[in-house]
Each structure stands twice: as C-alpha cells, then as structure tokens.
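Heads up, the thing below is written out as structure tokens.
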Amino acid sequence: MPKAVGIDLGTTNSVIAVMEGGKPEVIVNAEGGRTTPSVVAYKGEERLVGQIAKRQAALNPKATLYEVKRFIGRRWDEVKEEAARSPFTVKEGPSGSVRIEVNGQDLAPEQVSAEVLRKLVADASAKVGTGIKDVVITVPAYFDNSQREATRQAGEIAGLNVLRVINEPTAAALAYGLERKGNETVLVFDLGGGTFDVTILELGEGVFEVRSTAGDTHLGGADFDHRIVDWLAGEFQKEHNFDLRKDPQALQRLIESAERAKIELSSATETTLSLPFITFDPETRTPLHLERTLSRAKFEELIGDLLKRVREPVQQALRDAKLSPNDINEVILVGGSTRVPSVKRIVKDIVGKEPNESVNPDEAVALGAAVQAGIITGDANLGDIVLVDVTPLTLGVEVKGGMVAPLITRNTTVPAKKTEVFTTAENNQPGVEINVVQGERPMTVDNKSLGRFKLEGIPPMPAGRPQIEVTFDIDANGILHVTAKEKSSGKESSIRIENTTTLDKSEVERMVREAEQNAAADKARREKIEKRNNLDSLRVQALQQIEESQAEQSLKDRVKAVTDEVEGAIAGDDDAQIADVQKRLEEALRELMQAGSGQDQGQGAQAQGKTQPDDVIDADFKPAD
Ligand code: ADP
Ligand code: MG
Numbered sequence: 001m002p003k004a005v006g007i008d009l010g011t012t013n014s015v016i017a018v019m020e021g022g023k024p025e026v027i028v029n030a031e032g033g034r035t036t037p038s039v040v041a042y043k044g045e046e047r048l049v050g051q052i053a054k055r056q057a058a059l060n061p062k063a064t065l066y067e068v069k070r071f072i073g074r075r076w077d078e079v080k081e082e083a084a085r086s087p088f089t090v091k092e093g094p095s096g097s098v099r100i101e102v103n104g105q106d107l108a109p110e111q112v113s114a115e116v117l118r119k120l121v122a123d124a125s126a127k128v129g130t131g132i133k134d135v136v137i138t139v140p141a142y143f144d145n146s147q148r149e150a151t152r153q154a155g156e157i158a159g160l161n162v163l164r165v166i167n168e169p170t171a172a173a174l175a176y177g178l179e180r181k182g183n184e185t186v187l188v189f190d191l192g193g194g195t196f197d198v199t200i201l202e203l204g205e206g207v208f209e210v211r212s213t214a215g216d217t218h219l220g221g222a223d224f225d226h227r228i229v230d231w232l233a234g235e236f237q238k239e240h241n242f243d244l245r246k247d248p249q250a251l252q253r254l255i256e257s258a259e260r261a262k263i264e265l266s267s268a269t270e271t272t273l274s275l276p277f278i279t280f281d282p283e284t285r286t287p288l289h290l291e292r293t294l295s296r297a298k299f300e301e302l303i304g305d306l307l308k309r310v311r312e313p314v315q316q317a318l319r320d321a322k323l324s325p326n327d328i329n330e331v332i333l334v335g336g337s338t339r340v341p342s343v344k345r346i347v348k349d350i351v352g353k354e355p356n357e358s359v360n361p362d363e364a365v366a367l368g369a370a371v372q373a374g375i376i377t378g379d380a381n382l383g384d385i386v387l388v389d390v391t392p393l394t395l396g397v398e399v400k401g402g403m404v405a406p407l408i409t410r411n412t413t414v415p416a417k418k419t420e421v422f423t424t425a426e427n428n429q430p431g432v433e434i435n436v437v438q439g440e441r442p443m444t445v446d447n448k449s450l451g452r453f454k455l456e457g458i459p460p461m462p463a464g465r466p467q468i469e470v471t472f473d474i475d476a477n478g479i480l481h482v483t484a485k486e487k488s489s490g491k492e493s494s495i496r497i498e499n500t501t502t503l504d505k506s507e508v509e510r511m512v513r514e515a516e517q518n519a520a521a522d523k524a525r526r527e528k529i530e531k532r533n534n535l536d537s538l539r540v541q542a543l544q545q546i547e548e549s550q551a552e553q554s555l556k557d558r559v560k561a562v563t564d565e566v567e568g569a570i571a572g573d574d575d576a577q578i579a580d581v582q583k584r585l586e587e588a589l590r591e592l593m594q595a596g597s598g599q600d601q602g603q604g605a606q607a608q609g610k611t612q613p614d615d616v617i618d619a620d621f622k623p624a625d
C-alpha cells in the first residue's frame, strides 16, 4: 500500500520521513542526503532542485531561488524589504501578491515550493518502491491563514493529496514525546533559516496538547548570514569604495561564505573568510580580493540585536500558557540555527534550564509529521495518540468605528467553531460587509484583513434589529471558513478565507497542469539523454570488441563505420536517427561477436554482451535466461 509521508518544507532545508514499523524514519534523497536544500534553479528549459541547484547558485544568481517560503502566502507590502535584498527578482503580482520573475516568466511562490515537494516525493517514492500521494506538510506555528492555505496549494500543485498542514513545533514535540512516559511541559524552540517559532506543549499519556505558541516569521539563520555579509561588504566598501552587494554574483558568493563562516564559528572561535577575485577595481581593472578574519565574539556582536529578539516570543508564549519558566520541564532545540552557541546560551538564560538535545534539530519536524501522517491513516503501531493544536492568532470581524470584535482568540484549540450575533448600524440597512481580521490589536487597521464578503438582502428593519449570525470555523489545518446569516430571512453568505494573495482555483489548476507538463518534459528530457548514453556505451563496447575480436578486418571496418556515426547522432536532436544507429550498431556488433567466437549467424548472442553463446565459457560467463 502506498504510504503517507511527513514533510518538513523548510525555508532553507526540507526533510521527508515515513513510518516504518511504528517508528518514523527519514528517507534519503536521490543524492543520498537526509536534508534537501529548498532551492530551485531554472537553467534554460531545465529545473534543478536541491543540492545541485544550491551548488550552482553563484553562477546563476538571477534564476536560483531560495528561501521562497518567506514569500509564500504573503502580500507584497509585507515583504518588500526582504525582496529588495534577494539576488533574484521578487516583485508585486496581481492584487498585491508576490511573484518571482525568472527568465521573463512570473512564478508564484507556491509553484516554486511545489518543485521542492515534487522532488522530495519523487525521490522518496523511488526509495520506498511505491508512489506516494498522501502527505502531511508542516508550517511554522506562527504562519497565518493565507500562508497555510498557500502551503496547502503548493502541495496540490505538486500533485499531492495534503492530508493535513501541522505546526512544526508540534511535530517536533511529537517526535520527541513519542517514547516518553509521564506528564511533561515542554518548550520547543525552533530557530531555522528564516523563521523563529516557540511553542509550549503539555505531553502525557499519548496526548500532545499545545498550550501556546508565538514566534517571528522574519528571524532566522539567514539573518545572521546577512549581518556577516553587511559587515564584510561595509569593510570592503570603506577600502575600495565599491558596494559588493550591488553585484548579484558577488553578493551570492558573500552569502555563501558568510554562512560557512557562521557554521564554523559554532565549533571554532575564529574563522577566515576568503573570497579571491571578488570583483575588479573600477578604475584600474585589476582584480580585487577579500580576506577577513571573523571571531566568534565579533559574530556575536554582529547578531546581538537579532538574538535579543527571541526573548519576547518566549515570554509571550509563557504568559499565554500562564506558566513561569520554572514550570517548563524540558526545552527542545529544533532548527539548524540552535547550533549557534550564543543561541543556546540565550535559551538557557531565558528559561533557566539546560536545553535538551536528545532530538536531531534537523530531523525532528519531519519525523513528527510522519507520525501525524501515521495517526491520520490509522497506523496500527501508533495506538491512541491525540494531537491537540491551537490557532496562533486572534480572528475577528471589523465592527463600527474600525474596531475588531474577536471571535476566536489566539491559542484556541483547533478545530474550533464560534458563532456571534451582530446587527446593523443604520435603519433599513440592506446589507453588511463582513471584514475578517486577524491579529492582536484592537483596531482593524493595525491587523491583517484576511478577506471581505457581503451579506445582502436584509429585509428593511430599524437599526439594531436584524440578527446577523457570524460563524467562524477553523479546520484542523488552521484554515478558516466564515459564514454569515441573517436570522429573520435565513439569507446566508459564506467564504472560505482566501485573501487576495492566495491563488484562486483556476490558477491552481493551471499550475498543476503546468507542473505536470514540466514533469513530463523533464522525463522526456531524461529519456532523451538516456537513449544517447545507451548508444554511447554501446559504441564503447563495440570499439572494445573490434579490438578483441578474431573476426576478419572487413567486418570490423563495417562495425567501426557504424560507431563513427554515433557522435553525430548524439549531438543531433533526431531520436529516430538515434534509434536507427542503435539498431544497426546492435546488429553489426552481434555479427562481430558471432564471427569472433566462430559461431554461425543467427544463434542469438545478444548485443551489449550481456549473454554469451552457450559453449563459450569465459570469466564472466552467465547462462542465458
Ligand atoms: P529551515 O527550518 O529554515 O529550513 P534549518 O532548521 O534547516 O532551517 O536551519 C537552517 C539554518 O541553520 C541555516 O541558516 C544554516 O546556516 C543554519 N545552520 C545549520 N547548521 C549550523 C551550525 N552548525 N551552526 C550554525 N548555524 C547552522
Ligand atoms: Mg525548520
């Protein structure tokens, strides 16, 4: 039976895992890696995903897309600043959405993420030997409605059936808590490449209950890298009066070497950044090099204010859970950036406890997602595990004076449903517009509007008389559905909240088709290459046979003549020609092998030398099957 898998679709790295005999296990990718960089590169017709895409980033900075998760489900005005420092082109799309321009084509972030999902699942399917369709995908707990919805759509575009979208820290806690007995309150501290999440959970007797969650969707290891980049570029500018950040290729090299330095500083106290030939002197045209030593202390100074920013979300999560640091039994570190020593130090400082490092910070989220996939598909090994998750932000409707009336407050357990009754402000008001708002502030303008819809056809009544029932319904994915109903007339109107930045149905369908076509084109391209490789290896084999064979020279010359056609055929685009040369070469080779072994024609040794005539026994003799 095809298995359901769990996917940690990370800003920086993604991981896929599956349940094996009651235990979640990471599935390695085609390159043998346990994590896959969430990087997609467009090279001519080709799409590269993962490590191979990351490796060529410096040479192809405009078409190598990374950290796209920062843009998924967001509005252009929310990400302008981040877009500006990206080496590839991020711009405003239709209705204030975000698009990424690559080779003159506009891509939605969902489409790019879909490429990552597609690779993870294709590689995993090959490894487990069966097609995978059902997935659980994780998102940061702090992701809002449109970010969740967009993530789900990315799965859809990749041709997957998204069973559930769950919170990353909840998943990490699942992985951690699967083998724990007894009751515990744990705090999951997840600092990845682009986002920071903190979640407090109650674990006990198979129940995982989220108490509170908070975070910062604009804080992660990449910000540390940028601090190093800014420092390096600033020093360089002082010396040479040239801003390296303006040159996309130099910027990409700076970023890569900054990340390497940062990682080294997790174990070493000093490191050297060396970037030879980083640019040319604008006047003398001589090459310029960059070399700097960075100490851990200096690095800590560079990121000092970023580190301070983790404090508030942790304290907010504690406040929301009505707990003090003493109530936390374990602190679980998740995400690559928790390997930075000063991050560990600040966690210890805030919670007053040595963090627990029993889970692998890179894998815990995907493992937990696999457990969740197992729970949903009824994996018998899992017994009765119940996952109780919460919504991260308060949801409400706009009322008179631009105020917000909250319906579902943050940290309410999901799924959740809540109805409240509203009324009109004017006599004979024929309709109302419901503005669905998300956020913690009392005024609409300070929060995010998730979408609006109208309820019309209210019968004429004095102000304050109509009873308009508004129902908020959050499903287990944390995605909101809203209904409004006027009680006397029974008039009803509803929306599934898809704000302007979310793709509409027809767009998703188009993207699914395109992704399928792309996958088909990729397959065709691979097959084309395979045909050429096969022909070429046959040529090599033929040349070897010519050398070794006892057959007469004229026959050898004939075979050689066919091998001479191979190069031209491979260089060309004509598959029929490839097939023709392949066939003739196979025949010629068969003839040569038979002649060489003293056999009559037609006795069926196959070309490619896989089988030998029966009576020839040599070192690699194998009986024909
Ligand atoms: P995400 O959840 O965003 O995909 P990960 O949890 O994979 O991210 O973390 C990626 C981040 O962790 C990157 O910024 C990477 O540079 C950083 N990182 C990985 N290993 C280390 C290390 N040993 N020291 C410091 N930072 C690290
Ligand atoms: Mg992560």
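Each residue of the sequence shown is one higher than the one before, starting from 1 at the first, in full-length UniProt numbering. For every residue, glycine included, the Cβ atom is placed at its ideal position computed from N, Cα and C. Keep in mind it's a predicted model, so treat the numbers as computed, not measured.
Reference residue i, options the options, closest by Cα
i, options, result
"valine 139", "Ser358, Arg85, Gly73, Gln105", "Gly73"
"asparagine 447", "Ala141, Gly396, Asn534, Pro415", "Gly396"
"aspartate 216", "Thr195, Gly204, Ser266, His226", "Thr195"
"phenylalanine 208", "Tyr176, Val112, Gln56", "Tyr176"
"glycine 221", "Leu555, Gly431, Asn13", "Asn13"
"alanine 561", "Pro415, Ile434, Leu585", "Leu585"
"glycine 596", "Leu555, Leu407, Ile332, Val445", "Leu555"
"asparagine 534", "Leu503, Pro466, Gln582, Gln550", "Gln582"
"threonine 170", "Arg211, Ile255, Gln249, Arg75", "Arg211"
"serine 358", "Ser493, Gly457, Arg180", "Arg180"
"proline 459", "Gln372, Ser125, Asn428, Leu178", "Asn428"
"arginine 296", "Ala268, Arg319, Phe472, Arg309", "Ala268"
"valine 445", "Ala476, Gly234, Arg410, Met403", "Met403"
"valine 102", "Asn60, Leu333, Glu440", "Asn60"
"arginine 590", "Val18, Leu65, Ala542", "Ala542"
"leucine 201", "Glu552, Thr563, Asn411", "Asn411"
"arginine 292", "Gln147, Ala258, Ile303, Gly490", "Ala258"
"glutamate 31", "Asp123, Glu312, Pro430", "Asp123"
"serine 489", "Leu455, Lys505, Gln517, Glu516", "Leu455"
"alanine 569", "Met593, Ala250, Asp557, Lys528", "Lys528"
"leucine 219", "Ile303, Ser537, Thr199", "Ile303"
"glycine 439", "Glu149, Ala463, Thr409, Leu117", "Thr409"
"serine 449", "Pro430, Arg260, Arg75", "Arg75"
Whole-number beta carbon distance between residue j and residue i, since they are thought to touch under 8 Å
i, j, result
"proline 392", "tyrosine 142", "5 Å"
"valine 559", "arginine 539", "That pair is no contact at about 10 Å."
"valine 436", "valine 399", "Not a contact, Cβ separation roughly 12 Å."
"leucine 480", "asparagine 167", "Not quite, the Cβ-Cβ distance comes to about 15 Å (not below 8 Å), so this is no contact."
"lysine 262", "aspartate 225", "6 Å"
"isoleucine 578", "arginine 532", "7 Å"
"valine 331", "valine 347", "6 Å"
"proline 406", "threonine 394", "5 Å"
"leucine 333", "phenylalanine 189", "6 Å"
"valine 98", "proline 109", "6 Å"
"glutamate 300", "serine 342", "5 Å"
Stretch-stretch touch, CB-based, cutoff 8 Å, three pairs: the stretch 74-82 with the stretch 18-26: no
Cβ contact check for the stretch 123-141 and the stretch 3-16: 3 or more pairs under 8 Å: yes
Test item, CB below 6 Å from any non-hydrogen atom of the ligand ADP: Gly10, Thr11, Thr12, Asn13, Gly192, Gly193, Gly194, Gly220, Gly221, Ala222, Glu259, Lys262, Ile263, Ser266, Gly335, Gly336, Ser337, Arg339, Val340, Asp362
Cβ contact (3+ pairs, closer than 8 Å) linking the stretch 504-519 and the stretch 156-175: yes
Stretch-stretch touch, CB-based, cutoff 8 Å, three pairs: the stretch 265-282 with the stretch 324-333: no
Cβ contact (3+ pairs, closer than 8 Å) linking the stretch 189-205 and the stretch 61-71: Under the 8 Å Cβ criterion, the stretch 189-205 counts as touching the stretch 61-71, having at least three qualifying pairs.
Inter-stretch contact (C-beta, 8 Å, three-pair minimum) for the stretch 408-419 and the stretch 232-239: no
Stretch-stretch touch, CB-based, cutoff 8 Å, three pairs: the stretch 27-44 with the stretch 169-189: no
Contained alpha helix (DSSP H) runs [length at least 4] in the stretch 202-276, N- to C-terminal order: 221-240, 248-264
Every unbroken alpha helix (DSSP H) within the stretch 450-520, with a cutoff of 4 residues, ordered by chain: Listed in chain order, there is nothing to give.
Stretch-stretch touch, CB-based, cutoff 8 Å, three pairs: the stretch 43-50 with the stretch 364-378: Between the stretch 43-50 and the stretch 364-378, the count of Cβ pairs shorter than 8 Å is below three; the stretches do not touch.
Contiguous alpha helix (DSSP H) assignments of at least 4 residues, all confined to the stretch 83-141: 109-128
Uninterrupted beta strand (DSSP E) stretches inside the stretch 375-434 (no shorter than 3 residues): Within the stretch 375-434, the complete beta strand (DSSP E) segments at least 3 residues long are 386-390, 395-399, 403-408, 416-422, listed from N- to C-terminus.
Uninterrupted beta strand (DSSP E) stretches inside the stretch 304-347 (no shorter than 3 residues): 330-334
Complete runs of the alpha helix (DSSP H) confined to the stretch 137-203 [at least 4 residues]: Taking only runs of at least 4 residues, the alpha helix (DSSP H) segments lying wholly in the stretch 137-203 are 145-157, 168-177.
Alpha helix (DSSP H) runs contained entirely in the stretch 45-84, provided each spans 4 or more residues: 51-55, 76-84
Start-end ranges of the alpha helix (DSSP H) lying completely within the stretch 552-579, minimum 4 residues: 553-571
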